[in-house]
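Colleague: Protein sequences appear in the order of chains A and B. The first sequence begins at 3 in this note's numbering and counts up by one. The second sequence begins at 893 in this note's numbering and counts up by one. Here a beta-carbon is modelled for each residue, glycine too, at the ideal position from N, C-alpha and C. No experiment lies behind these values; they were computed from the predicted model shown. Have a look at this one before I ask anything.
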Amino acid sequence: MMQQPRDSTFQRPSNEDLRAIITNPNEAKKLVEWANRLGKSLKDMGLTTSQIRALFGEVRQIQAEWRINRQRAFRRLVLLRPKMAYRARRERGRAVEELVAVLDPALNHVIQADPRPEGQQPGTDDNQDDNFQRFAEFFEAILAYHKAYGGQ
Amino acid sequence: MEREDAYRIALAGLLHDIGKFAQRTGGWQGAHTEVGGEFVRQFVPEGWQADLYPVMGHHDEPLLTYEAKLIALADRLSAGERLAAEAAQPRQLLSIFCSLTADGQQAPEDKYWPLKPLRLEEAAVFPDESLAESQVTAAYSALWRGFEQETRHLLKAHARAESLSTYLESMLLLLQRYVWCVPSAYYRSVPDVSLYDHSRATAALAVCLMEQPETHIDELLRALKTWHQERAKALDAPPPPVLEETTVALLVGGDISGVQDFIYTITARGATSALRGRSFYLQLLTEAVARYVLRRLELPITNLLYQGGGHFYLLARPSDSSCLAEIRQEVSRILLRYHQGDLYLALAELSLVAADFYEGRISQKWGALVEHLRRAKQRRFAELGPGLADLFAPQGHGGNEERECQVCGREHPGTRTDDDVRKCPPCLSYEELGDRLRQARYLWLTEMKADDELGAESGGWEEVLRAFGLQAGVAEELTAVPNTGRPRWILALEDDAMDNLRPDAHTVVGRRLLVNVTPVYGKADEEWLGRLPKAQQGALRQELPQEPQGKIKPFALLEAQSTGIPRLGVLRMDVDNLGTLFAKGLGDQATFSRVAALSFAISLFFEGWVEVLAKRVGKTADGRDRLYSIYSGGDDLFFVGSWDAVVELARKIRADLTRFAADHPGVHASAGIALVGGKYPLYQAAGDAGRAEAQAKEVRRRVNGREHRKDGIAFLGQAIPWRQFGVEECREGMETVHSLAHWLERLTRDEQDGGAKAPKALLQMLIRLQEQYAEATKERALLGEDRNKAGEEQVYYGPWMWRGHYFLKRMARRYEKDDPEVAKAVDGLAEHLHGENFRAIEWIGLAARWAELLGRDRST
Ligand SMILES: [Zn+2]
């Protein structure tokens, strides 16, 4: 577990909230609410898009690859965790660290889930494929709100 | 002789309570029967005064004459409630909508019709708070003065008492104008029935009761009295058997079917005038048939309860049944002859016993009659027997092109070419009628002997009416109305046209409500055309008839005169659940008079007020008319016009319907609008609009856990509740589709046109957002996840939310420096769409598409 940040205005979703956001298709409202709140806080902390462009780019590429070569995509996904940790340490300021502190446990809910059973509709409860889609959406939403609040 | 008697009784029935009106002016002393008697002595031609004893005597104890007994019984049945002694009189007429339960709801507060003569004016037509005590007598006095003056004209015209039927109908129309808003103070409970409706219902019933011998009338009156006394002790006391066993009248309904196809299945060639003509002809035909039935049964006009929009209802005597069967055959034979089976009149009847007028039973009877009519329509022409029915197999022989009409597609021997189009005589006759209607201020009718020999080949509308014994026409000036010395009617189609109208011994005069909104080519159009670029001007001039001044504008011109994208708008709209309103809305308060009052109120709106709205909304600031009424009556309407004007009209009608219906939340209407090109086949456009209307009827929304159905509009393919669409005055804002559309349109308009020049990409983005949302919602609905546990539809959270927010915020920032207004507006939109407000995603795309069409540059 990471430490709570010194800046007390920064609120992080609990692990329960994160689990809901990533594994439950009916909790999209929670996803939006948290993304909005996080986007604003990260902007206030001075997060810049360039600090995380590489990470988000990687997620987008994995998303594209998922349909073509699921196994390779999954491997890249697992490698995303150390990449995020590296970014969190390297970038100046606490913003990236805070973001990663949210994304990392979220990603964990993807990696630990089982693949979607054969024949099951997309967009359903707790399974790796849909959880990953929701993770990507969550990431995208945080960045969208971050920019909407004036993040550069 | 019998016929003459029926008219006398009808007149007595019509005037039996006139004393109540007079009393309210404060200037007449005595019981209402005495005042009524005095009115008869002063205002009714001497020759008929002796027939009107029942006006004075219908409350006598005991009742002294047979006629007085007839009126007394009819009076009680029409009222359908227990007779109270001369109770305190209600000051004003409560809107019938305040007695209505619909969607399980009622009107929020009591509203009263203004005490004004019937004119299509805001101050007369819309119900309001009740007047202060001090104003009431003055209002009645003013109303009475007008009535008295007209009655004097009538007295003078009929000084020699020659034609009772003419006098009776003139008096009926007079009562409609002046007494429509006077409460019939009879009722113990709610004063929601006008003296006009009560009086005509009494007249109709009295005529039917004439078949009962006096001893039987006595028996019925006694039984009613007994029943009233028993009901005072136990509310559910059953009626004495005689009230259940004696048929006192037949409720007769007529319904013309095939109307839709008849109006719409014509080609676009020459359609503009033909369309209006066809629709109006159907109205005349309904009237001609209704009057034909009355004449054949020797019934006075007061027995006609309602006629309009392809159907009529009347009250006949129990013994008229066999004659009705003959009439059914006669009517079918005439219609078959002229319309080859395209039009059919279903005629059905239902016996009424005395008890049917009580405890709300009359509305079930009405419902049953409608069901009979429906079944009769499924057996079209069955009454003609197998041989004759074969005749309505398709007539043409196929392939004979020279004889085929290019408007209706029928083969006809007399076709001729007109404006390069081959037309049959009937089609030409409809066109001519439509053309004459555009300036019409009067409708006239003359009775004539029905042709024994049916007309030969031509079959224009005039011939058909003649076969029913009626000659008809429209005129702009009174001098153009023919006078053959036979009974005739002159009916003003505008309030102002009433002023020059005077009755005479053989002429009935009155006001006829008719939605007659025709876009006529005029100076303003010529100037508008002159301002267009040469090429476009030339193309449009090609569409115009030779010497277009004063002629109906072709669809192509209405299309071109739209704001934004050039399209023709086609509107269909009707009251939701009308059948249920009539069958159940009044509950056990449903009486014969109340049902009549509700029907009168609904036609007043759709046959009267809608015209005022359409004329107002259709006119541009520079004086061009852009709306065309094809039909409006009963409870529904069909309009064509420049698309943007059509949408505004629909909104206005919906808004005013609520105001008219005393803000009753359960009285609502659904509308469907289709946008088509000016050359698109009309029957397809009518079908498109019809499907849109059906889509609007599928609308449902939940408010406070309660599901509301219908009350929607379908526009640009999307159905949405009116509340969300917006019925407010035109203004900009974010609360409704309508206000947002206007706002977005101005925002994205060019600066030189008064806009803020925000990029059109804004509209595209909003449209795409909603598309994404709609698609995701559809998928979710397939998974059954679109509702929560309470069954309520959920706002679906998804990428469109953050993407939309991001996009709008970014756009706002981009404009911050150069154009703060745009920046502020777009930023406001982003905030508005945030969080819970994102419900707007369901309609924001519709607003954006509307704005886009409004702002579409016509040169590209
Ligand atoms: Zn034709």
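From what residue to what residue does the alpha helix (DSSP H) around glutamine 1121 of chain B run?
Modeller: One-based indexing of the second sequence puts residue 1121 of chain B at position 229. First-last of the alpha helix (DSSP H) with glutamine 1121 of chain B: 1106-1125.
Colleague: Mapping the DSSP letters down to three states, classify valine 1144 of chain B as helix, strand or coil.
Modeller: Your numbering for residue 1144 of chain B matches position 252 in the second sequence. Of the three classes helix, strand and coil, the one that applies to valine 1144 of chain B here is strand, per DSSP.
Colleague: Which class does glycine 1525 of chain B belong to by DSSP, given the choice of helix, strand or coil?
Modeller: The residue labelled residue 1525 of chain B in the question sits at position 633 within the second sequence. Strand.
Colleague: Given a threshold of 16 other Cβ atoms within 10 Å of its Cβ, counted over all protein chains shown, does isoleucine 70 of chain A qualify as buried or as exposed?
Modeller: On the first sequence, position 68 is the one that residue 70 of chain A refers to. It is exposed - the Cβ of isoleucine 70 of chain A has fewer than 16 other Cβ atoms within 10 Å.
Colleague: Around ligand 1, which residues pass a check of Cβ closer than 5 Å to any of its heavy atoms?
Modeller: B:Cys1297, B:Val1299, B:Cys1300, B:Cys1316, B:Cys1319
Colleague: Let me check understanding here. Comparing Cα to Cα, which of B:Lys1048, B:His1231, B:Ile910 lies closest to valine 947 of chain B?
Modeller: As a position in the second sequence, residue 947 of chain B is number 55, starting the count at 1. For the residues B:Lys1048, B:His1231, B:Ile910, the minimum Cα distance to valine 947 of chain B belongs to B:Ile910.
Colleague: Identify the continuous alpha helix (DSSP H) that holds leucine 1574 of chain B and give its terminal residues.
Modeller: Position 682 of the second sequence, counting from 1, holds the residue named residue 1574 of chain B. That run of the alpha helix (DSSP H) goes 1574-1589.
Colleague: Could you pull the start and end residues of the beta strand (DSSP E) that alanine 1364 of chain B belongs to?
Modeller: Position 472 of the second sequence, counted from the first residue, corresponds to residue 1364 of chain B. That run of the beta strand (DSSP E) goes 1362-1367.
Colleague: Take tyrosine 1334 of chain B and list the residues in its own chain whose beta-carbon comes closer than 7 Å to its own, dropping the five residues that flank it on each side.
Modeller: By 1-based counting over the second sequence, the position of residue 1334 of chain B is 442. Same-chain partners within the cutoff: Val1366, Ala1367, Leu1370, Val1373, Ile1382, Leu1383, Ala1384, Leu1385, Ala1389.
Colleague: Can you grab the Cα-Cα spacing for the pair glutamine 1027 of chain B / glycine 918 of chain B, in whole Å?
Modeller: Taking the first residue of the second sequence as 1, we reach residue 1027 of chain B at position 135. Taking the first residue of the second sequence as 1, we reach residue 918 of chain B at position 26. Whole-angstrom Cα-Cα distance: 12 Å.
Colleague: Going along chain A, which residues have a C-beta under 8 Å from tryptophan 1735 of chain B?
Modeller: Within the second sequence, the letter at position 843 stands for residue 1735 of chain B. Within chain A, no residue comes near tryptophan 1735 of chain B; the closest Cβ sits about 19 Å away, beyond 8 Å.
Colleague: Taking methionine 1465 of chain B as part of the alpha helix (DSSP H), name the residues at either end of that continuous run.
Modeller: By one-based count along the second sequence, residue 1465 of chain B stands at place 573. For methionine 1465 of chain B, no alpha helix (DSSP H) run applies; the uninterrupted beta strand (DSSP E) run containing it begins and ends at 1460-1467, by DSSP.
Colleague: Verify whether the separation of the beta carbon atoms of valine 1532 of chain B and alanine 1584 of chain B is less than 9 Å.
Modeller: Here residue 1532 of chain B refers to the residue found at position 640 when the second sequence is read from its first residue. Here residue 1584 of chain B refers to the residue found at position 692 when the second sequence is read from its first residue. No, they are not a contact pair.
Colleague: For lysine 1701 of chain B, go through chain A and note every residue whose CB falls closer than 7 Å to its CB, in chain order.
Modeller: What you label residue 1701 of chain B is simply residue 809 of the second sequence in a count that begins at 1. Under the 7 Å cutoff, chain A gives Ala150.
Colleague: Taking only beta carbons into account, state which residues of the region 99-113 of chain A come closer than 8 Å to chain B, listed in chain order.
Modeller: none
Colleague: Mind the definition here: the region 1262-1276 of chain B touches the region 1141-1158 of chain B only if three or more C-beta pairs lie below 8 Å; say whether that holds.
Modeller: yes
Colleague: If we count the other Cβ atoms within 10 Å of its Cβ and call it buried at 16 or more, is threonine 1669 of chain B buried or exposed?
Modeller: Position 777 of the second sequence holds residue 1669 of chain B. By the neighbour-count rule (16 or more Cβ atoms within 10 Å), threonine 1669 of chain B is buried.
Colleague: Taking the Cβ atom as the reference point for each residue, do isoleucine 144 of chain A and glycine 41 of chain A lie within a distance shorter than 9 Å?
Modeller: By 1-based counting over the first sequence, the position of residue 144 of chain A is 142. By 1-based counting over the first sequence, the position of residue 41 of chain A is 39. Contact flag set, yes.
Colleague: Can you tell me whether alanine 103 of chain A is buried or exposed, with buried defined as 16 or more other CB within 10 angstroms of its CB?
Modeller: To locate residue 103 of chain A, count along the first sequence from 1; it is residue 101. The residue in question, alanine 103 of chain A, is buried, as its Cβ has 16 or more Cβ neighbours within 10 Å.
Colleague: Under 9 Å, CB to CB, which of the residues in the region 68-101 of chain A have a partner in chain B?
Modeller: Cβ contacts with chain B: none found.
Colleague: For the beta strand (DSSP E) that contains glutamate 1324 of chain B, what are its first and last residues?
Modeller: Taking the second sequence and counting its residues from 1, one reaches residue 1324 of chain B at position 432. Note, glutamate 1324 of chain B: premise wrong, no beta strand (DSSP E); alpha helix (DSSP H) at 1317-1329.
Colleague: At a CB-CB cut-off below 7 Å, which residues of chain A make contact with histidine 1264 of chain B?
Modeller: What you label residue 1264 of chain B is simply residue 372 of the second sequence in a count that begins at 1. Ordered by position in chain A, no residue passes the 7 Å Cβ test against histidine 1264 of chain B, which lies about 51 Å from the chain.
Colleague: Determine, using beta carbons only, whether glutamate 142 of chain A comes closer than 9 Å to chain B.
Modeller: Taking the first sequence and counting its residues from 1, one reaches residue 142 of chain A at position 140. True, the Cβ-Cβ gap to chain B drops below 9 Å.
Colleague: Excluding five sequence neighbours on each side, which residues of the same chain lie with their C-beta closer than 6 Å to the C-beta of arginine 1220 of chain B?
Modeller: For the purposes of this step, residue 1220 of chain B is identified with residue 328 of the second sequence, where counting begins at 1. Closer than 6 Å at the Cβ level, and outside the excluded window around arginine 1220 of chain B, lie Leu1239, Glu1275.
Colleague: Check threonine 1512 of chain B in the structure and name its three-state DSSP category.
Modeller: Residue mapping note: residue 1512 of chain B aligns to position 620 of the second sequence, counting from 1. Here threonine 1512 of chain B carries a coil assignment [DSSP, helix/strand/coil].
Colleague: In angstroms, rounded to a whole number, what distance separates the CA positions of glycine 922 of chain B and valine 932 of chain B?
Modeller: Counting from 1 along the second sequence, the entry for residue 922 of chain B is found at position 30. Counting from 1 along the second sequence, the entry for residue 932 of chain B is found at position 40. Going by the C-alpha atoms only, they are around 15 Å apart.
Colleague: Are aspartate 1548 of chain B and arginine 1464 of chain B close, meaning C-beta to C-beta below 9 Å?
Modeller: Here residue 1548 of chain B is taken as the residue at index 656 of the second sequence, counted from 1. Here residue 1464 of chain B is taken as the residue at index 572 of the second sequence, counted from 1. No, they are not a contact pair.
Colleague: At which residue ranges does the region 20-49 of chain A contain complete beta strand (DSSP E) runs of 3 or more residues, listed in the order of the chain?
Modeller: none
Colleague: In its own chain, which residues sit with a C-beta less than 8 Å from the C-beta of serine 43 of chain A, not counting the 5 before and 5 after it?
Modeller: To locate residue 43 of chain A, count along the first sequence from 1; it is residue 41. Cβ within range, chain order: Thr11, Phe12, Gln13, Glu100.
Colleague: Count the other C-beta atoms from every protein chain shown that fall within 10 angstroms of the C-beta of asparagine 28 of chain A, then say buried if there are 16 or more, exposed otherwise.
Modeller: By one-based count along the first sequence, residue 28 of chain A stands at place 26. Exposed, by the Cβ-count rule.
Colleague: Below 8 Å on the Cβ atoms is my contact criterion, and I expect proline 1437 of chain B with threonine 1159 of chain B to pass it. Report the Cβ-Cβ distance as a whole number of Å.
Modeller: Here residue 1437 of chain B corresponds to residue number 545 of the second sequence, with the count starting at 1. Here residue 1159 of chain B corresponds to residue number 267 of the second sequence, with the count starting at 1. The pair is not a contact, with the Cβ atoms about 16 Å apart (cut-off 8 Å).
Colleague: Among residues of its own chain, excluding the 5 on either side of glycine 1259 of chain B, which ones have a beta-carbon nearer than 6 Å to its beta-carbon?
Modeller: Your numbering for residue 1259 of chain B matches position 367 in the second sequence. If we look at glycine 1259 of chain B and ignore the five residues flanking it on each side, its Cβ neighbours are Ala1475.
Colleague: Roughly how many angstroms lie between the CA atoms of glutamine 998 of chain B and arginine 1092 of chain B, to the nearest whole one?
Modeller: For the purposes of this step, residue 998 of chain B is identified with residue 106 of the second sequence, where counting begins at 1. For the purposes of this step, residue 1092 of chain B is identified with residue 200 of the second sequence, where counting begins at 1. Rounded to whole angstroms, glutamine 998 of chain B to arginine 1092 of chain B spans 28 Å at the Cα level.
Colleague: Classify valine 1407 of chain B as helix, strand or coil using the three-state DSSP reduction.
Modeller: The sequence position of residue 1407 of chain B within the second sequence is 515, counting from 1. It is coil, neither helix nor strand.
Colleague: Give every residue of the same chain whose Cβ lies closer than 6 Å to the Cβ of tyrosine 1205 of chain B, excluding the five residues on either side of it in the sequence, and list them in chain order.
Modeller: The count along the second sequence starts at 1 and reaches residue 1205 of chain B at position 313. Hits under 6 Å: Gly1145, Leu1197, Tyr1198.
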